[in-house]
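Residues in the sequence shown are numbered from 137 upward in steps of one, following the working numbering.
Note that CB positions come from ideal geometry on N, CA and C, so glycine has one too.
Report on the structure given below.
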Amino acid sequence: MNLWPVAAAAAVLVFTLVSATPVQQLSFSGAYRPIQQPQKKLRRQNAIKIHNQPPLRDYLPRETKPQDVKLVNFRNKLYHGPITVGTPGQQFNVTFDTATRKMWLPSVHSPPDKNAYHSPRRYNNASSSTYKTNGEAFTAEYELSEVKGYLSQDIVTVGGFTVKNQVFGEVILESNRFANHTLQDGIIGLGISNIAENEHPTVFENMISQGVLPAPVFSFYFNRYNTDDRDSVLTLGGTNSEYYTGEFTFADLIAPNSWNFWVDGVQLPNRYGIYSKRRCQAVVDSVSTFIVGPKDVTDILNKMLGGEKIPSSPKL
């Protein structure tokens, strides 16, 4: 497999992920469907659904509506949005990451020499009346970085929806990658927790189990920097029809603990479809800045988009 930069002509991305409650007791399924002819609202859409899901109207009274969280687009590489934690609420800007299950924030208890580079926004558990001690060691590892600290518990509010007793990491040590990133304070993972490994429920899973959402759904709309007059948004509790047209279709997820599904081919607007010699796995990753795929497909795709291969790009 080859790694390519996203071509400048790449489309705006919209996708929807649907879960159900209780998350641990249901089997997952998902879908991918490109739009044949783009209209003014949408270029591509994806969807994930759960088997045996009760009707969405059964979750909350109809006056409860989905809420949009406005995301800030930083050079088409990073999309982050606001949350509050604790009582009274402490404000942070975080990245919403579908590829991880963990939530973490920088701690006010971090040694000054370890986070002097970072945003002045740091979680102070002593200032929150709803804070609960946990103390378990916390580590989150990424491809080129990691963070370390300990677990804490508090209320978390995203887009007007508040969850109680959310477990998250208070980070006291951060690697250089995060040290040099002054735009985000932390991460909220929107992956699927693994109950077999005693993982703590994610913020989204707690929103479902605590009944605060009108539907077990979250959606993203990512705009193109300086080429789209609409905001990037994370929609909690449903979808926003202002950002897409058409209907969603569904296909099975490969495993119950990740947003992975099979892809047979790719189709661009007003172009023919591209199909690999064998189908491949795809993952809904809300923070990735690359398109990764089988070489026979990416070669054709990048030629159609006008992309250029990076000679020194690593092979995956």
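Around the beta carbon of E279, fewer than 16 other beta carbons sit within 10 angstroms, so the residue counts as exposed. In the displayed model, Y278 falls within coil according to three-state DSSP, outside both helix and strand. Rounded to the nearest angstrom, the gap between the Cα atoms of S329 and H216 is 22 Å. Put simply, the backbone Cα of Q203 is about 15 Å away from that of V292. Two segments are said to touch when three or more pairs of C-beta atoms, one from each, lie closer than 8 Å; by this definition the stretch 263-279 touches the stretch 288-308. The DSSP-derived three-state label of S355 is strand.
Membership of I436 in the alpha helix (DSSP H) is indicated by the continuous run K431 to L441. Ranked by Cα distance from K300, the first of M440, T220, G382 and R211 is T220. F384 is not a Cβ neighbour of I390, given a cutoff of 8 Å. Restricting attention to N359, R415 and Q227, the CA atom closest to the CA of D432 is found in R415. In the pairwise beta carbon analysis, the stretch 354-361 is classified as not touching the stretch 261-268: fewer than three pairs are separated by under 8 Å. Excluding its 5 nearest sequence neighbours in each direction, V348 has C-beta neighbours in its own chain below 6 Å: F297, listed in chain order. In the DSSP assignment, H216 is bridged to V208 and T231.
With respect to Y259, S243 sits close: the two C-beta atoms are nearer than 8 Å.
Excluding five sequence positions before and after N376, the CB atoms of its chain that fall closer than 8 Å to its own CB belong to P202, D204, S355, Y357 and V369, given in chain order. Under the three-state reduction of DSSP, F397 is assigned to strand.
Counting the other CB atoms within 10 Å of its CB gives E310 a total of 16 or more, which places it among the buried residues. Around the CB of A351, 16 or more other CB atoms lie within 10 Å, so the residue is classed as buried. Here I446 carries a coil assignment [DSSP, helix/strand/coil].
Non-local beta-carbon contacts of N393 in its own chain, meaning distances under 7 Å to residues more than five positions away in sequence, involve I328 and N330 in chain order. Between N229 and D290, the CB-CB gap reaches or exceeds 8 Å.
R211 is classed as exposed because its beta carbon has fewer than 16 other beta carbons within 10 Å across all chains shown. As DSSP reads the structure, P242 sits in a beta bridge with V307.
The C-beta distance from M239 to I344 rounds to 15 Å, too long to meet the 8 Å contact threshold.
Here V423 is near A235, since their CB atoms are less than 8 Å apart.
Per DSSP, reduced to three states, the secondary structure at A273 is strand. Short of 6 Å from the beta carbon of K284, and not among the five residues preceding or following it, lie these beta carbons of its own chain, in chain order: T275 and L309. Straight across, the Cα-Cα distance linking E335 with D233 is about 16 Å. Counted as a single uninterrupted DSSP element, the beta strand (DSSP E) harbouring S368 occupies residues S368 to L372.
Q226 is classed as buried because its beta carbon has at least 16 other beta carbons within 10 Å across all chains shown.
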